[in-house]
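Asks:
Protein chains in written order, with full-length UniProt numbering: chain L, 1 to 424; chain E, 1 to 424; chain G, 1 to 424; chain R, 1 to 424.
1) Using alpha carbons as the reference points, say which of 147/L, 52/L, 341/L lies closest to residue 297/E.
2) Does the ligand FAD have even one heavy atom less than 6 Å from the beta-carbon of residue 205/R?
3) Please report how far the alpha carbon of residue 407/L lies from the alpha carbon of residue 198/G, in whole angstroms.
4) Tell me, please, whether the CB atom of residue 279/E is closer than 7 Å to any CB atom in chain L?
5) Would you give the residue range spanned by the beta strand (DSSP E) that residue 24/G belongs to?
6) Is the Cβ-Cβ distance between residue 420/R and residue 302/R less than 7 Å?
7) Beta carbons nearer than 8 Å to chain G: which residues of the region 387-419 of chain R have them?
8) For residue 427/R, which of 155/R, 120/R, 153/R, 143/R has the nearest alpha-carbon?
9) Put residue 192/E into one of helix, strand or coil per three-state DSSP.
10) Compare the C-beta of residue 3/G with all C-beta atoms of chain R and state if any pair is closer than 7 Å.
11) Take residue 34/E as the anchor and find which of 24/E, 28/E, 40/E has the nearest alpha-carbon.
12) What is the DSSP secondary structure of residue 37/E, reduced to helix, strand or coil?
13) Would you say residue 43/R and residue 334/R are within 7 Å of each other, going by their C-beta atoms?
14) Do we get a CB-CB distance below 7 Å when we pair residue 165/L with the residues of chain G?
15) Measuring only the C-alpha atoms, how far is residue 300/E from residue 264/E?
16) Whose C-beta lies closer than 6 Å to the C-beta of residue 186/E among residues of the same chain, with five residues either side of it excluded?
17) Name the chain C residues that come within less than 8 Å of residue 102/G, Cβ to Cβ?
18) Along the beta strand (DSSP E) that carries residue 383/E, what are the first and last residues, could you check?
19) Scan the region 67-89 of chain L for residues whose Cβ lies nearer than 9 Å to a Cβ of chain E and list them as they occur along the chain.
20) Using a Cβ-Cβ cut-off of less than 7 Å, give me the residues of the region 111-132 of chain R that come near chain E, in sequence order.
21) Whose Cβ in chain R lies nearer than 9 Å to the Cβ of residue 201/E?
22) Between the alpha carbons of residue 169/L and residue 174/E, how many angstroms are there, rounded?
23) With a CB to CB cut of under 8 Å and the five nearest residues on each side skipped, what residues in its chain are close to residue 31/L?
24) Would you say residue 161/G lies against chain L (beta-carbon separation less than 7 Å)?
25) May I ask you to list, following chain order, the residues of the region 11-25 of chain R that have a beta carbon less than 9 Å from some beta carbon of chain G?
26) Which value, in whole angstroms, describes the spacing of the CA atoms of residue 268/R and residue 279/R?
27) Leaving out five residues on either side along the sequence, give the residues of the same chain with a beta carbon under 6 Å from the beta carbon of residue 240/R.
Rendered as structure tokens:
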């Protein structure tokens with residue numbers, strides 16, 4: 001028995017899906033210790049937008065380490081942090097005329113969401129937050145209350161109060177959806193807020209992902225996003241966009257909502273932000289909101305991670321010109337082209353997505369599981385998500401070579417056809 | 001105006017205490033961008049037990065990066081993780097006959113505590129957890145409920161339920177303490193649990209630090225720790241030790257409780273665990289407790305951090321023999337020798353601690369603040385903690401050279417004498 | 001200054017609306033101490049279904065008092081209680097084939113609702129309860145969480161958790177309603193329950209009034225009530241009908257839902273149950289639900305009120321034949337005939353109701369307030385309800401003489417016309 | 001099978017202890033339908049301070065009913081209410097220089113407590129309330145959170161938050177008490193409030209009974225009561241005295257705390273207040289606290305019960321001179337004289353009490369149950385209370401004839417001796 005079997009907690013999960021020991025990795029490939037290579041359509045659950053071991057980043061980090069730069073600095077000022085902040089301002093905030101402040105929170109997405117929820121409650125002096133069906137926002141008690149999945153919620157052991165879930169406004173209706181989402185749902189909600197006898201009061205914030213990744217690759221419509229933003233403004237609530245999984249270029253632009261004409265009060269970033277897959281999280285906060293924070297009210301040990309600043313700085317350089325984003329668009333087209341026929345052929349399959357996050361909804365978790373297993377055997381790392389795990393999620397590195405992308409897509413399509421046949 | 005002033009959130013704190021930009025660091029020294037060197041008695045809030053830029057670790061990390069090893073792997077199996085786990089088993093668990101499983105949680109201490117709280121609630125089917133006065137366990141909603149500090153709690157914006165605070169059992173009574181701590185307090189608690197009309201029921205767990213670091217360097221007595229452990233067992237509650245700040249050798253032994261004859265069900269580790277100051281957190285869980293977890297019930301993106309595994313592996317090597325722990329003892333003696341005279345000279349000063357975490361309680365936050373500021377000017381980084389910030393906390397790297405230690409102590413003692421005089 | 005001004009709490013309310021001191025009362029008339037008579041369309045907020053000082057009841061009570069019968073008996077067995085229970089079984093339960101048990105709770109409606117909520121949570125081991133917009137269920141902390149009105153909720157001082165509000169299913173859409181009620185809303189809810197990633201889970205119970213009295217005289221459609229009942233059964237939740245204000249014959253039948261083909265698990269009764277206006281409350285509980293109670297788990301001092309049993313016994317006699325219920329139908333017709341023209345004449349007026357509870361929705365609270373004040377001056381006691389107090393509620397004794405009814409209606413219609421003119 | 005067996009809810013309790021059907025009652029006697037008489041040491045759980053069917057009261061009520069006086073009037077002004085209020089002011093408030101306002105709440109003790117808790121939270125803008133071990137304050141969700149008994153709390157089905165329990169300060173230590181009560185416990189609490197890192201904050205109110213009735217006849221010491229009052233004032237919390245069971249003359253004075261030199265902000269009254277055992281409840285509230293109420297914020301249907309006003313008015317007449325209170329003192333002496341020998345003879349028996357509420361703590365619930373059962377057979381109604389039901393509680397009408405009192409005491413003492421022998 002290996003040390004994993006003997007000593008690792010029963011809670012371990014992905015290592016059960018991919019029962020090998022990985023050793024090396026490069027861009028969109030991982031290699032196990034027996035030398036077998038896998039194409040990676042999972043990318044560390046959306047962390048590795050710039051590929052495994054991105055050479056620009058590893059070189060920069062090695063150089064930084066060799067120079068004796070400060071590695072860990074809490075929220076002190078460092079030259080590494082300054083470089084990152086200046087570049088972020090220049091490349092991301094300035095061009096968008098965004099006045100947002102940067103808050104470096106503990107280096108996990110959940111920490112960013114927790115901080116955003118605290119601040120929204122502080123600013124509005126309200127307690128309730130509206131999140132959305134199928135949303136995923138983290139696993140600590142505050143963010144878990146906003147996470148919709150019943151399995152995760154069931155582990156809390158205490159009631160998850162002060163968050164309510166409203167139907168998410170999908171661009172196209174999910175297969176078999178009964179929740180009645182869309183703009184009408186927001187109209188109803190507005191009616192409830194206006195009625196002082198409804199039992200429902202305006203929230204501190206609306207918290208949403210523009211593309212729900214864990215929730216099954218559900219893409220919000222522009223109309224719905226704008227309606228949420230309008231409603232938020234109308235009732236004095238903040239708009240918080242959790243861009244943790246689909247920000248950082250994933251959808252073809254730095255923020256997932258760049259083409260949505262909304263102006264969030266708080267934006268949560270993590271995952272790809274550290275470039276190389278090392279932890280980092282940051283909230284962008286409008287100044288008029290940020291001023292409600294008092295110094296040190298939400299702290300954490302690992303807020304000043306120079307390795308993530310250095311690698312993240314390299315990541316930002318990908319947004320200095322349009323090259324990568326153009327590539328995302330062309331690769332997204334390749335992906336859609338490969339998968340669309342499945343959508344057309346099978347009523348039980350729906351293809352959804354935006355940019356390089358695409359979901360292949362195969363209607364049942366069993367089927368998706370079979371596809372994931374078969375793909376793994378065929379050399380493709382891919383994972384499922386969504387209700388009951390019914391959606392196979394494609395979220396490869398944005399830097400994946402076309403060759404690898406096409407090879408992976410072929411494995412996926414062939415496998416899907418086979419599984420569909422077997423489960424017909 | 002710098003980017004920090006213009007763009008960093010109002011919540012920033014340490015950078016206000018140390019208003020310079022740090023650039024380089026080595027062992028117990030940090031250097032600002034103007035080349036001024038500071039002796040570091042703060043060590044990243046207890047993260048950098050093995051010093052800044054520990055060369056064994058940076059070399060190992062550089063080598064790993066150059067080799068193309070997997071950097072980010074969620075909870076998949078990797079060769080880097082195996083090495084770390086095998087070494088941890090061999091050096092830490094086996095010699096202590098500990099059967100505990102390792103759960104790699106999101107890479108922050110708060111995540112470890114949240115996971116432990118969830119599991120305790122699951123195992124016992126109870127909701128309440130007993131934490132202790134002055135305890136610090138994190139800032140996300142679950143762990144924040146266990147954190148005692150009113151300032152931090154006030155930022156929650158919602159009620160912090162399902163945790164109650166009992167008096168912590170200090171080895172020696174704090175200056176001006178009125179809480180009535182000690183073993184008697186546990187006897188009273190046992191009485192309440194036994195009385196079915198008390199309104200108080202046994203908790204899911206007792207959650208404690210053996211030495212409260214943020215809480216003011218309060219050292220629990222052995223008698224009290226054992227009484228908590230006994231009471232926990234008696235009422236069917238788990239014992240959770242949060243060893244995040246004082247584990248990893250800080251007190252002169254790997255775990256802070258190695259000499260306490262207690263056997264915690266769950267131990268939370270983070271901070272020093274990643275060696276170099278990169279994020280990592282882990283819970284050690286008894287197998288009979290761990291089996292209550294179902295796969296994936298508490299997840300997080302950054303659970304498989306190879307850089308932390310690689311550097312952490314080097315950190316573990318410091319526990320292969322007694323050298324470092326012997327040094328801790330001798331350096332602790334030096335620290336006590338330097339500070340004890342202050343304790344004796346001033347009724348308003350108390351010196352407390354264990355191993356290389358020592359608190360200089362100067363009775364008021366104003367005084368401590370003045371000392372911290374003066375020390376900074378004199379080239380010493382040190383911070384305050386405890387109720388109202390009244391305790392100056394010494395938590396230098398365990399690897400600090402005696403010369404730096406003594407130099408830093410001299411600055412601290414001189415400054416303290418001066419400030420005591422000014423505020424007399 | 002009177003003792004009321006000097007010594008009664010600031011919370012007093014109705015005495016501000018009717019600033020006289022009442023002395024005598026008979027059937028549908030109250031007389032103030034100056035001898036001025038008022039027609040009563042308020043009937044003690046729906047308590048006095050059988051009129052003030054109903055002679056059959058006062059005689060029975062006087063006789064009982066003179067006989068030396070037990071007056072107060074907690075939940076001991078008494079001959080008075082037996083008579084009441086036997087008659088209730090014979091007149092109400094048997095003819096409807098209802099197997100329900102009778103639980104005598106503390107003598108207030110809120111106590112009945114609290115007990116029902118506890119039991120539903122016990123039976124299902126779930127915490128959340130679904131109540132509906134504009135519902136009113138009481139003012140103690142448990143029932144208040146189910147009460148929708150923001151003003152009442154605002155007095156709680158703590159969060160009102162574990163109840164969520166869904167749109168109520170009105171027979172006809174309220175003026176200006178935006179909540180999107182009706183059966184579709186239940187379909188959406190079913191969709192959310194089925195989706196394990198919705199963040200919404202099936203409740204312990206659905207708690208509703210078939211006609212919302214305080215909420216503005218909103219009458220549920222039969223279709224919607226049946227859909228709620230079906231959904232409850234489907235998801236393993238109880239159906240609780242709060243018939244406190246509209247049961248006991250108010251709508252033309254003993255239960256307000258007798259013509260609705262639903263079969264509630266728990267029915268809450270109070271108000272009219274004690275006949276004479278003395279306190280009493282009772283839950284009717286299906287045996288398979290009731291068996292989850294252990295003896296004494298929900299107690300209260302005033303559960304065994306013989307005066308209420310004796311007068312309530314007389315009240316039950318009104319249901320031995322169809323006379324009173326036939327009268328209710330004919331009087332309801334008179335009321336509708338008088339008010340319908342207002343509905344037709346003014347787009348800002350809507351007339352709603354069932355049996356002898358009728359609401360005159362005049363669109364604004366200011367207008368309703370003016371009507372109530374003018375009516376009072378003209379000798380009619382009537383009150384407003386609903387969102388912002390915009391609905392004038394007619395809820396006269398069921399036993400009101402036609403002459404008084406018509407006189408009161410004339411006052412109301414004239415006043416309304418005048419106020420409409422003034423506020424046009 | 002009787003209708004009770006067939007149709008009454010499983011929750012029924014006292015009727016299981018006294019398995020007969022009661023028919024008549026007079027002063028301290030109840031008669032079952034077979035004509036068997038019982039001496040009543042239970043008095044409707046402390047309601048019937050002036051005896052069953054008190055003739056002065058039944059006469060007044062009959063006269064009132066015959067006169068056609070308003071019976072039910074919500075919170076409107078009535079002549080009956082004015083008489084009661086004027087008399088209450090004259091007899092109770094004026095002589096004590098109390099400026100308190102009268103709030104007539106829903107006619108149950110729990111309603112009074114709920115209203116008091118709401119108001120305290122409103123006034124202080126705090127959420128937590130401190131109640132005490134073994135306290136009983138009601139069964140609705142708000143008051144239940146303050147009730148200490150685990151059995152009652154277990155029926156809530158949701159967490160009971162925002163109330164914490166501190167050790168009650170008994171005059172003499174209970175048998176086997178381990179809770180560490182007394183003034184020291186308040187000193188510790190003060191210490192926790194002062195320490196901003198304790199995790200404990202000052203409450204909205206301290207809620208207590210001066211003699212815990214249901215909790216086991218625990219009598220608070222004067223020293224402790226004053227210390228609570230001092231602490232409350234010091235930390236800006238209200239002092240609420242729940243005098244529901246032991247007010248109205250039970251302890252030898254109108255209020256149970258008349259000899260305690262404390263000045264409660266809110267006093268809850270119910271039970272004996274309505275004189276005859278009909279429901280009524282009232283809070284006495286200091287004007288500066290009362291002004292935080294807005295009209296109608298805490299309502300309820302049965303707030304204006306003329307029968308209770310009329311009978312309660314007669315009850316107040318008992319406090320116009322010292323006769324009844326003198327009798328209470330002399331009867332209390334008789335009771336103590338009879339029971340004290342048991343206390344002296346048995347180490348497992350403790351006699352506690354004040355005025356005419358006396359507890360016979362026989363150390364186990366089994367023993368107390370046997371005594372209650374045997375007494376019933378011998379013609380004495382008495383009940384048990386306290387932790388595990390270990391305390392036999394004597395709470396006869398204050399108007400009990402000495403002959404009945406002595407007869408009842410003889411039954412109790414003989415029975416106790418017998419049971420002690422059997423269980424030795």
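For each residue, glycine too, the CB sits at the ideal point set by N, CA and C.
Since we're looking at a predicted model, the values are computed, not measured.
Replies: Short version:
1) Taking the second chain and counting its residues from 1, the one referred to as residue 297/E is at position 297. Among 147/L, 52/L, 341/L, the Cα nearest to that of residue 297/E belongs to 147/L.
2) In terms of ligand content, the structure shown is empty, and the ligand FAD therefore cannot be addressed.
3) Start at 1 with the first residue of the first chain, and residue 407/L comes out as number 407. Start at 1 with the first residue of the third chain, and residue 198/G comes out as number 198. One C-alpha to the other measures close to 35 Å.
4) Here residue 279/E corresponds to residue number 279 of the second chain, with the count starting at 1. Yes - at least one Cβ of chain L is within 7 Å of the one on residue 279/E.
5) Residue mapping note: residue 24/G aligns to position 24 of the third chain, counting from 1. Counting along the chain, the beta strand (DSSP E) containing residue 24/G begins and ends at 21-26.
6) For the purposes of this step, residue 420/R is taken as residue 420 along the fourth chain, with counting starting at 1. For the purposes of this step, residue 302/R is taken as residue 302 along the fourth chain, with counting starting at 1. Cβ atoms of residue 420/R and residue 302/R: not closer than 7 Å.
7) none
8) Past the boundaries of the shown model lies residue 427/R; chain R is included only from 1 to 424, so the question cannot be answered.
9) Here residue 192/E refers to the residue found at position 192 when the second chain is read from its first residue. Here residue 192/E sits in helix by DSSP.
10) Within the third chain, residue 3/G is the residue found at index 3, counting from 1. Judged by the 7 Å Cβ criterion, residue 3/G is in contact with chain R.
11) The residue you call residue 34/E lines up with position 34 of the second chain. The candidate whose alpha carbon is nearest that of residue 34/E is 24/E.
12) The residue given as residue 37/E occupies position 37 in the second chain. DSSP places residue 37/E in strand when its eight states are reduced to three.
13) On the fourth chain, residue 43/R is found 43 positions in, with the first residue counted as 1. On the fourth chain, residue 334/R is found 334 positions in, with the first residue counted as 1. Their beta carbons are not under 7 Å apart, which means residue 43/R does not touch residue 334/R by this criterion.
14) Against the first chain, residue 165/L aligns to sequence position 165. Output row for residue 165/L: interface = yes.
15) As a working note, residue 300/E is residue 300 in the second chain. As a working note, residue 264/E is residue 264 in the second chain. Cα to Cα, the separation comes out at about 24 Å.
16) Taking the second chain and counting its residues from 1, one reaches residue 186/E at position 186. Result list for residue 186/E: 227, 231, in chain order.
17) Chain labels in this structure do not include chain C; the protein chains are L, E, G and R.
18) Your numbering for residue 383/E matches position 383 in the second chain. Note, residue 383/E: beta strand (DSSP E), 383-385.
19) 67, 68, 69, 70, 71, 72, 73, 74, 75, 76, 77, 78, 79, 80, 81, 82, 85, 86, 88, 89
20) 127, 131
21) The sequence position of residue 201/E within the second chain is 201, counting from 1. Within chain R, the residues near residue 201/E are 150, 153.
22) What you label residue 169/L is simply residue 169 of the first chain in a count that begins at 1. What you label residue 174/E is simply residue 174 of the second chain in a count that begins at 1. If you take the alpha carbons of residue 169/L and residue 174/E, they lie about 56 Å apart.
23) If you number the first chain from 1, residue 31/L lands on position 31. Once the five neighbours on either side are set aside, the close Cβ partners of residue 31/L are 22, 23, 24, 25, 37, 38.
24) By 1-based counting over the third chain, the position of residue 161/G is 161. Yes, because at least one Cβ of chain L sits closer than 7 Å to the Cβ of residue 161/G.
25) 11, 12, 13, 14, 15, 16, 17, 18, 19, 20, 21, 22, 23, 24, 25
26) The residue you call residue 268/R lines up with position 268 of the fourth chain. The residue you call residue 279/R lines up with position 279 of the fourth chain. Rounded to the nearest angstrom, the two C-alpha atoms are 14 Å apart.
27) The sequence position of residue 240/R within the fourth chain is 240, counting from 1. Closer than 6 Å at Cβ, skipping near neighbours: 116, 205, 207, 266.
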